[in-house]
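Taking this note's numbering, the leading residue of the sequence shown gets 327, the next gets one more, and so forth.
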Amino acid sequence: MQKVLITGSSGHLGGRAMSLLRTRFEVHAIVRAKPTTRCADVTYHEIDLSRDWSPRLLPERMDTVIHLAQSRNYRDFPASAKETYQVNTGSTALLLNYAQLAGVTRFVLASTGGLYEPSAAVINEKTPVNPPQGELAYYFRTKLAAELLSEPYSTLFDVTVLRPFFIYGLGQSAEKLISRLIASVRHGRPIKLNGEDGLRINPIHIDDAAELLSVLLETNGSRTLNVAGPDTVSIRQIAEITGQFFGVSPVFDCVEGDGVMIVADHRPVSSLLGRPMTAFVDGLRSLIR
């Protein structure tokens, strides 16, 4: 049985992925502290990725590493800059080093779709990255640095870089975009729109993203994948669909400007899954109900 090491198993994607993987693989999970409720078929390794740590704390041999962990305080710049760097970039360097020592054949790294600028055209994996400025500028650059560090290792083992675009679904934290929009509609809070419709995106459902990780463990070759969903929707559309489910009318606050688009080509992911992806309306319905 293949041995898989996963970080970020307490997160939205990591938790769902671990539930799938532990039925087919020998799963090892790096955790800051062992969870109160543990899976009997998962081996936990207590390691704080925000500090220096040694690969000697992990098993001598491993087949696959899936690095999903990211700093919880990534928005807190500059106060949490050191922690953000250590978890997002420093721990990636240590895990890559561990991977080659442990004889790993496959390394999966979670980055972010935020490395791209908004574009009038659909983004694909060949679109140049240009991390934007703003409150998340430091976070984006720690993710880009992690990607760059992983590239040379593709000569030693397969490296897959994932750039997720707005993962949503049950279990998502309240701070994420879709969760915030749902809460605003439910409580009648105004939703700010640039232009008439606001930002346009193509979110991916958590079940599709988690299954993708499982599929990648049986797929050879190095690659970068934009992890996005099949349907393009605007902030206005998301709010209006949510309002229909709740039986209320969303409140909008339109400001001057043009609504930008951050939409990625979902076809590479759809091809790997080999099945229709979750339609946004269906995914949103399951999240609300």
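Cβ atoms here follow ideal geometry from the backbone N, Cα and C, with glycine treated the same way. Please read these numbers as outputs of a predicted model, since none were measured by experiment.
Around residue 518, the same chain offers 579 and 581 as residues with beta carbons nearer than 7 Å, after the five sequence neighbours per side are excluded. Comparing C-alpha distances from residue 613 to each of 545, 561, 531 and 451 shows the shortest one belongs to 531.
Straight through space, the alpha carbons of residue 537 and residue 365 are spaced by roughly 19 Å.
Nearest neighbour of residue 391 by Cα position, chosen from 528, 606, 607 and 347, turns out to be 347. The alpha-carbon separation between residue 610 and residue 447 amounts to approximately 25 Å. CA-CA distance, residue 349 to residue 559, rounds to 34 Å. The segment 448-494 is shown to contain whole beta strand (DSSP E) runs of 3 or more residues at 484-490, in chain order. Within the DSSP bridge table, the entry for residue 526 names 560 and 587 as partners.
Taking C-alpha positions only, residue 549 is separated from residue 486 by approximately 5 Å. Per DSSP, the continuous alpha helix (DSSP H) segment holding residue 607 begins and ends at 606-614.
Residue burial is scored here from C-beta neighbours: residue 415 has at least 16 other C-beta atoms within 10 angstroms and is therefore classed as buried. In the structure shown, residue 342 adopts helical secondary structure according to DSSP, grouped into three states.
Distance from the Cα of residue 511 is smallest, within the candidate group 568, 521, 492 and 456, for 568.
The shortest CA-to-CA distance from residue 573 to any of 454, 615 and 525 is the one to 615.
The count of Cβ pairs closer than 8 Å, one atom from the segment 377-397 and one from the segment 407-414, reaches three, so the stretches are in contact. Under the DSSP definition of a beta bridge, residue 580 partners with 519. Residue 537: member of the alpha helix (DSSP H) spanning 532-542, first to last residue. Residue pairing for residue 332: DSSP places it in a beta bridge opposite 355 and 392. Here residue 335 is buried, its C-beta having at least 16 other C-beta atoms within 10 Å.
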